[in-house]
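Asker:
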Amino acid sequence: MSRSASSRANRRGEPPPSPEPLPAPALDSHTHLDIVLGERPADGEHGEWASEAAVDAEIAAAEAVGIPRLVQVGVDVASSRWSADLAARHPNVLAAVALHPNEAGEGRATDDALAEIDRLAALPRVRAVGETGLDRFRTGPEGWAAQEASFRAHIGIAKERGLALVIHDRDAHEEILRVLEDEGAPEHTVFHCFSGDAVFAKACVERGYVLSFAGTLTFGNAGYLREAAALTPVGQLLVETDAPFLTPVPYRGRPNASRLVPHTVRALAEVTGTDLTELCSALTATAERVFGPWS
Numbered sequence: 035m036s037r038s039a040s041s042r043a044n045r046r047g048e049p050p051p052s053p054e055p056l057p058a059p060a061l062d063s064h065t066h067l068d069i070v071l072g073e074r075p076a077d078g079e080h081g082e083w084a085s086e087a088a089v090d091a092e093i094a095a096a097e098a099v100g101i102p103r104l105v106q107v108g109v110d111v112a113s114s115r116w117s118a119d120l121a122a123r124h125p126n127v128l129a130a131v132a133l134h135p136n137e138a139g140e141g142r143a144t145d146d147a148l149a150e151i152d153r154l155a156a157l158p159r160v161r162a163v164g165e166t167g168l169d170r171f172r173t174g175p176e177g178w179a180a181q182e183a184s185f186r187a188h189i190g191i192a193k194e195r196g197l198a199l200v201i202h203d204r205d206a207h208e209e210i211l212r213v214l215e216d217e218g219a220p221e222h223t224v225f226h227c228f229s230g231d232a233v234f235a236k237a238c239v240e241r242g243y244v245l246s247f248a249g250t251l252t253f254g255n256a257g258y259l260r261e262a263a264a265l266t267p268v269g270q271l272l273v274e275t276d277a278p279f280l281t282p283v284p285y286r287g288r289p290n291a292s293r294l295v296p297h298t299v300r301a302l303a304e305v306t307g308t309d310l311t312e313l314c315s316a317l318t319a320t321a322e323r324v325f326g327p328w329s
């Protein structure tokens, strides 16, 4: 999710209380702790990053409910640096770095910015390039060419560095597949906050992509997502928050946090007909296959 929505999210109050812990460890494959806890604007001129103590407390709260592994995701140069720094100091966290498609659509995917993303991608605890991709909802046609050029550049970085690619896809399913086929997808490609129907899920599964489901899976009007998840092999599933966005039922509308992942994991177990403990183990195995070991 882009920073343009972060201030709105932070005004919604504190995240809900933690749920019952999972019976086995799972993970949050996509979170924005900097936005959850108070991020600095992209220009870096005003505001402060969240304190280390606040970040550590949030990570500990997730671990207490069975979420000991997090992937912290950057959306611009500043947040990508912060994500890499957090992963370097915290054993529970790996990082993904990128320029968000909306950033690219606004002309911020400059040569210098992309070079910095490439530099960060070489760091040992940066394990993915993303979130990158295409967004036809927030960015108008005037920004689409810049988005696609940035997406292609990020694919190249992921392949050159041997990293996973984390895709933001909003109202751009066929365009995403076209670019991936043109460029050749990295070995590990993750559709963050999967938003397609069963037909699109089948196309992604056939290509070997991993589908990551967020709290939207629990929404009453998201039957199409549950159909998509039901046909996805367990070994191609991940789960995420996209915190502080997309909070699962029963707390939809309040800020999300990694400690709320168990709600989505339980919903995914029900949808797929998988034993909850087995699903947690499968999610962890897939995450380590895609992102590498946390330790």
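Under my numbering, the sequence shown is numbered contiguously, ending at residue 329. Even glycine gets a Cβ: it sits at the ideal position worked out from N, Cα and C. All values derive from a computational prediction rather than experimental measurement.
#1: Excluding the 5 residues preceding and the 5 following P102 in the sequence, name in chain order all residues of the same chain whose CB lies nearer than 6 Å to its CB.
#2: Rounded to whole angstroms, what's the CA-CA distance from T320 to T223? Just pull it up for me.
#3: What does DSSP give as the partner residues of D203 in its beta bridges?
#4: Where do the N-terminal and C-terminal ends of the beta strand (DSSP E) with Q106 fall, by residue?
#5: For F234, which residues from the same chain have a beta carbon less than 8 Å from its beta carbon, with the 5 sequence-adjacent residues on both sides left out?
#6: Helix, strand or coil: how does DSSP classify F325 here?
#7: Decide if D145 is buried, meaning its Cβ has at least 16 other Cβ atoms within 10 Å, or exposed.
#8: Could you name the residues of the same chain whose beta carbon sits closer than 6 Å to that of T252, not counting the 5 residues immediately before and after it, in chain order?
#9: Do V109 and E137 come within 8 Å of each other at the CB atom, strictly closer than that value?
#10: Would you report the Cα separation of A183 and Q270, rounded to the nearest angstrom?
#11: Just mark T311 as buried or exposed, buried being the case when its beta carbon has 16 or more other beta carbons within 10 Å.
#12: Please report the distance separating the alpha-carbon of L265 from that of E54.
#13: Between the Cα of L197 and those of V273, L128, D231 and I210, spot the shortest distance and give me the residue it belongs to.
#14: Cβ of T166 within 8 Å of Cβ of A132?
#15: Taking the alpha-carbon positions, what's the G177 to Y258 distance?
#16: Considering Cα atoms alone, identify which of A192, S229, T275 and L104 is closest to R204.
#17: Which one of V213, V200, P289 and R286 has the shortest CA to CA distance from L245?
#18: If we call anything under 8 Å between Cβ atoms a contact, is T308 one with D62?
#19: Going by the CB atoms, is the gap between V107 and G190 shorter than 8 Å?
Answerer: Once the coordinates are examined:
#1: Walking along the sequence shown from the start, residue 102 turns up at place 68. Contacts found: P59 and N126.
#2: Taking the first residue of the sequence shown as 1, we reach residue 320 at position 286. Taking the first residue of the sequence shown as 1, we reach residue 223 at position 189. Each residue's alpha carbon lies about 12 Å from the other.
#3: Residue numbering aside, residue 203 sits at position 169 when the sequence shown is read from its first letter. D203 pairs with L168.
#4: For the purposes of this step, residue 106 is identified with residue 72 of the sequence shown, where counting begins at 1. For Q106, the enclosing beta strand (DSSP E) begins and ends at R103 to V107.
#5: By 1-based counting over the sequence shown, the position of residue 234 is 200. The answer, listed in chain order, is H207 and A262.
#6: Position 291 of the sequence shown holds residue 325. If DSSP states are grouped into helix, strand and coil, F325 belongs with the helices.
#7: The residue labelled residue 145 in the question sits at position 111 within the sequence shown. Exposed.
#8: Counted from its first residue, the sequence shown places residue 252 at position 218. Cβ within range, chain order: P282, V283 and A301.
#9: The count along the sequence shown starts at 1 and reaches residue 137 at position 103. The count along the sequence shown starts at 1 and reaches residue 109 at position 75. Their beta carbons are under 8 Å apart, which means E137 touches V109 by this criterion.
#10: Start at 1 with the first residue of the sequence shown, and residue 183 comes out as number 149. Start at 1 with the first residue of the sequence shown, and residue 270 comes out as number 236. Approximately 28 Å, taken between the alpha carbons.
#11: Counting from one through the sequence shown, the residue named residue 311 turns up at place 277. Around the beta-carbon of T311, fewer than 16 other beta-carbon atoms lie within 10 Å, marking it exposed.
#12: If you number the sequence shown from 1, residue 265 lands on position 231. If you number the sequence shown from 1, residue 54 lands on position 20. Their Cα atoms are separated by approximately 27 Å.
#13: Residue numbering aside, residue 197 sits at position 163 when the sequence shown is read from its first letter. Here the closest residue by C-alpha is L128.
#14: Position 132 of the sequence shown, counted from the first residue, corresponds to residue 166. Position 98 of the sequence shown, counted from the first residue, corresponds to residue 132. Closer than 8 Å, so yes.
#15: Numbered from its first residue, the sequence shown carries residue 177 at position 143. Numbered from its first residue, the sequence shown carries residue 258 at position 224. Approximately 29 Å, taken between the alpha carbons.
#16: As a working mapping, residue 204 is identified with position 170 in the sequence shown. Among A192, S229, T275 and L104, the Cα nearest to that of R204 belongs to S229.
#17: Indexing the sequence shown from 1 puts residue 245 at position 211. Its Cα nearest to that of L245, the residue V200 stands out among V213, V200, P289 and R286.
#18: Taking the sequence shown and counting its residues from 1, one reaches residue 308 at position 274. Taking the sequence shown and counting its residues from 1, one reaches residue 62 at position 28. Contact flag unset, no.
#19: Taking the first residue of the sequence shown as position 1, residue 190 is located at position 156. Taking the first residue of the sequence shown as position 1, residue 107 is located at position 73. No.
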